[in-house]
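Enquirer: One structure, as C-alpha cells, below. Some questions next.
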Amino acid sequence: MTVGPGALADPAVGAAIGELRHKLVELHRSLVDNGLVAWTSGNISARVPGADLLVIKPSGVGYDDLTPESMVVCDLAGARVDGYLTPSSDTASHAYIYRHMPDVGGVVHTHSRYATAWAARGEPIPCVLTAMADEFGGEIPLGPFAPIGGDEIGRAVVDTLTGHRSPAVLLRSHGVFTIGRTARDAVKAAVMCEDVAATVHLAASRGELTPLAQDQIDALHHRYTTEYGQP
Ligand SMILES: [Zn+2]
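Each residue of the sequence shown is one higher than the last, beginning at 1304 in the working numbering.
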C-alpha cells in the first residue's frame, strides 16, 4: 500500500479519491435533507482506502456550492495535499480520529438541534428505546468540552468512544461527532442520533425516563448487529 501524499500518484488511490469526492457531495446533501445542519455548519470526511489520506469538506462553503472538485484531500496530520480550498476547521480532529481508530472510515460532525440540546445541558442520552440499544448499544455518551481548531476535539471523541459501542458522541456545549466503517455509516449514525435525541427529549419533558435493563440492551444490540436486515 502506498501511504502519505506520495500516494496521490498511485492510479488506484486517485480513482478512490475521485469516487469519494462525488460520494461526499451526495452525503453532505443528505445532512441538509435530514435537517441536521444550518448554513455552513457541519462536515463529513472519509478515509481514502489504501493511503494515509482523507477527503473532507472545505471550510465555510455553503452546502449548495459543494462540488466534487471543492472537496479537499489532506494527509493524516491534517495538512492539505490536494484541492484548492482550505479544509474544514475540524480537519485536525478528523485526522486525529483516523490516526487512532484504524477501523474508522468515515467521520461526521453536526450541530443537529436535539442532540446538541443534550450536549448543551451536558447530559448523555440515556438508553430508553429499543432503537438506541440497536444502533448505539447503550446510552449516547457525553464527551468533554474541547476548543475548536486543533486536534483536541478528535482526542475527546477517541477518548470517549474507545471501548464504547456507540458510534456517536455528544461533545459538551458543542455538538455531535459520529464514526463509521464508511462515511455513509457515520451519516446514518448522525441521522439516528438526532432522531432518538428528539424522541428522548420529548419523553423527558413529560417526566421520569425508564432506562432499559443492561441484559435487554445487550440482547437487542446483538440481534440488530447479527440478524437484522437481509442476509
Ligand atoms: Zn462544530
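Yeah, the Cβ is synthetic: ideal placement off N, Cα and C, and Gly gets one too.
Because the structure is a prediction, the values reported are computed rather than measured.
#1: With distances taken between CB atoms, is the gap from V1358 to S1344 smaller than 8 Å?
#2: Let me check you understand the geometry: is the CB of H1412 closer than 7 Å to at least one non-hydrogen atom of ligand 1?
#3: From L1356 to L1388, what does the alpha carbon distance come to, in whole angstroms?
#4: For the pair the segment 1488-1495 and the segment 1411-1424, tell me if three or more CB-CB distances fall below 8 Å.
#5: Does the beta carbon of H1477 fall short of 7 Å from some heavy atom of ligand 1?
#6: For the segment 1475-1529, which segments carrying the beta strand (DSSP E) assignment without a break, of at least 3 residues, lie completely within its bounds, in sequence order?
#7: Please classify L1432: is it buried, with 16 or more other beta-carbons within 10 angstroms of its beta-carbon, or exposed?
#8: If you follow the alpha helix (DSSP H) that S1333 is in, where does it begin and where does it stop?
#9: Could you tell me if Y1531 is buried or exposed, where buried requires 16 or more neighbouring beta carbons within 10 angstroms of its beta carbon?
#10: T1604: buried (16+ other C-beta within 10 angstroms of its C-beta) or exposed?
#11: Short of 6 Å in beta carbon distance, which residues of its chain neighbour T1485, apart from the five on each side in sequence? Order them along the chain.
#12: Sorted by chain position, which residues of the same chain lie with C-beta nearer than 8 Å to A1422's C-beta, five sequence neighbours on each side aside?
#13: Let me know if F1439 comes out buried or exposed under the rule of 16 or more other beta-carbons within 10 Å of its beta-carbon.
Expert: According to the structure shown:
#1: no
#2: yes
#3: 16 Å
#4: yes
#5: yes
#6: 1478-1483
#7: buried
#8: P1314 to D1336
#9: exposed
#10: The question about residue 1604 has no answer here: the residues shown for the chain are numbered 1304 through 1534.
#11: G1408 and G1409
#12: L1445, L1473, L1474, R1475, S1476, H1477, G1478 and V1479
#13: buried
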